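The sequence shown maps to residues 22 to 571 in our numbering. Heads up, the beta-carbon is just placed ideally off N, CA and C, and yes, glycines get one too. If you're wondering where the values come from, they're calculated on a predicted model, not measured in any experiment.
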Amino acid sequence: MIATAANKVLPSPLAVYDYPCQGNKIQPEPLVLLHGWGSDSRIWQTLLPELTQHLHVMAIDLPGFGQSLPLGQDVPLDKQGIEHYLDAIGAVLPARCTLLGWSLGGMLATMLTSRYPERFNSLITIASNGCFVQQPNWSCAMPAQTFDAFFELFQQQPALCLKRFHGLQCRGDKMERPLLKTLRETFNHVPEAPDDSCWRRGLELLSEIDNRKALQSLKVRGLHIYGDTDQLVPVAAACDIKALNHSQQVEILENTAHVPQLSCPEQLASKICAFLREGRYHLDKQRVADSFSRAASSYDSVARLQRQVGQRLIEALPDIDPSLEQLDQCDAFKIIDLGCGTGYFTEQLAKKYPFADITGIDLALGMLDFASSERDMPATWLCGDAEDIPLADNSVDLIFSNLAFQWCEQLPVLASEIVRVLKPGGVIAFTSLGQKTLFELRESWAAVDDYVHVNRFLEANHWQDVFTKAGMVFQNFETDTCLLPYRDLRHLTSELKGLGAHNVNVGQNRGLTGREHIRKLVSVYEKYRNPQGELPATWEVIYGVAHCNV
């Protein structure tokens, strides 16, 4: 057990260590640490002081390692599948947390996050591969022959095997010598047969786990950290992980081997904390959908900016001659209003292109119900995400989207989806919100507390770069700043609520905001009041019209 008075081992078959946050928390959920093979939770001892400055941390000893007991004796070891490991770990996890796993612990953390995404706000892995042992179409891993020899050595001479394992973990690291000394002094005992069964099972899991499908479909935010001199997990695996799922982030630490938590704890903690701080701005898609569904009946009455911006975008659309040969009955001109909301502009599109086959797509079912009942026009209404458009490849001629894309976090995914569904030469016309949007409200809240109160928007150039890299050629890309006047702060926040566009970030304060905080917010925002007696709010609007060149 880690010798510190702050630790608390909870009653469970698995040893769980608790480390309260010593400073200002980045997030309310705890960060739970899972170690790798041949060690236990002491592997985190150098990293813990860095993490607990900003996080509530918990650490778990894997079954049969450290102070944890082997899994239940009612199931023979050779019958204990990965499910038994996942169930045992899941039983001691908080209801919701961030998982951080190293090596084998990272592979287990990935499986847990993939199976139970609702329980985790983020996943972080360190020196963890999609497959630890080489598989067909996965060459950036340990050769099977090397692993088999290692496993055989463990069965014959476990102490020698562990000694060599320590050497492999440190080789090439800038701190190789002191690292090796620390590992051999801290983890110098390996159980002899027959008590080594849990260690053998841990090695078997390393060879059995294949997380490629899990990583490919992972929806939870992920950060995967690698050392460029790692002898156990080739650094090239980072590229393969990124190729499986572009929404996952990867970081490579220079002159670092397999144990960065010991060799560069400050740098590692900085990467972890930066990733989690960024996660405070993560949008909960279900909450976005629910928010807009609730706002469906009030939306049109307060959508003054949306009307103004959307009308300008409609006027920028190309004119299409319905007599063109390609617009015959076998190949109708297909338009989608992506993020159609109440269908106001879907109706305008139908008037501009009366010959077209039009589909309105929105994440919020309540918006679609409103649109289908209020809009007197032939259209198909689909519930779907712009980052996962429910349409076939090369099936759309024109995509129109007005002030919806700012609810998409994964711009490369959004851009690739647009390119996927557009026909060659097809057009995308969109508006979104830029970085300066609502800066007055954001800065005013920043003077009150550290929570996230205002949705964050991306820099305009980032939109242009991502869409261009995906294969789109812009005919027009520009930004415009709109200043909307409000009577007071309540007027602004009421309008945002009526639009469904209020705060849905993970890092918001889920509790009630106190009166003193509100009074301070109102006082700070007052500095923006103009000579006309109005409180302004800035909206930076991005306009883009491009065609698909893929």
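- Around L200, the same chain offers Q190, C191, D194, A278, V280, L283, S284 as residues with beta carbons nearer than 8 Å, after the five sequence neighbours per side are excluded.
- The Cβ atoms of M79 and D108 do not sit closer than 7 Å to each other.
- C-alpha of E516 to C-alpha of H267: approximately 35 Å in a straight line.
- With contacts defined as CB atoms closer than 7 Å, T119 and L224 fail to qualify as a contacting pair.
- G331 sits in a helix when the DSSP states are folded into three classes.
- A distance below 6 Å between beta-carbons, with the five flanking residues on each side excluded, links A377 to the following residues of its chain, in chain order: F354, I356.
- R185 has its alpha-carbon roughly 56 Å from the corresponding atom of A385.
- Three or more beta-carbon pairs separated by less than 8 Å link the region 414-427 to the region 445-458, which places the two stretches in contact.
- Where I439 is concerned, the enclosing alpha helix (DSSP H) starts and stops at 432-442.
- In the DSSP assignment, H483 falls within the unbroken alpha helix (DSSP H) covering 481-491.
- The DSSP-derived three-state label of K195 is coil.
- In the DSSP annotation of this structure, C219 is not part of any beta strand (DSSP E); the continuous alpha helix (DSSP H) holding it starts and ends at 218-229.
- Counting only runs of 4+ residues, the alpha helix (DSSP H) found wholly inside the region 89-171 occupies 103-113, 125-136, in chain order.
- Counting along the chain, S422 sits inside the beta strand (DSSP E) bounded by residues 417-423.
- In this structure, A481 places its C-beta atom within 7 Å of the C-beta atom of G455.
- Within the same chain, S60 come within 6 Å of F208 by CB-CB distance, once the 5 residues on both sides are set aside.
- If you look at C404, you'll find it in the beta strand (DSSP E) that goes 401-404.
- The alpha carbon of D251 has as its nearest neighbour, out of E275, S314, G126, the alpha carbon of E275.
- A direct Cα-to-Cα measurement between A558 and N415 gives close to 40 Å.
- Looking from the CA of R205, the closest CA among E197, V211, E438, H187 belongs to H187.
- Distance from the CA atom of E104 to the CA atom of L236, rounded to whole angstroms, is 18 Å.
- Assignment of F498 by DSSP, reduced to helix, strand and coil, places it in the strand class.
- By the CB criterion at 7 Å, T367 and A400 fall inside the cutoff.
- Collapsing the DSSP output to three states places Y38 in a strand.
- Apart from the 5 residues on each side of it in sequence, Y247 sits with its Cβ closer than 6 Å to the Cβ of V256, A259, I273 in its chain, given in chain order.
- Judged by beta-carbon spacing, V566 lies beyond the 7 Å limit of D501, meaning their Cβ atoms are not closer than that value.
- By the C-beta criterion, the region 70-78 is judged not to be in contact with the region 145-160, since fewer than 3 inter-stretch pairs fall below 8 Å.
- Between L83 and the set I47, H77, W220, P164, the nearest pair of CA atoms involves W220.
- Looking at the DSSP output, K355 shares a beta bridge with D378.
- DSSP, read as helix, strand or coil, puts D414 in coil.
- With respect to the 7 Å criterion, I230 and M128 are classified as neighbours on the basis of their beta carbons.
- In this structure, DSSP gives F451 an extended state, which the three-state scheme calls strand.
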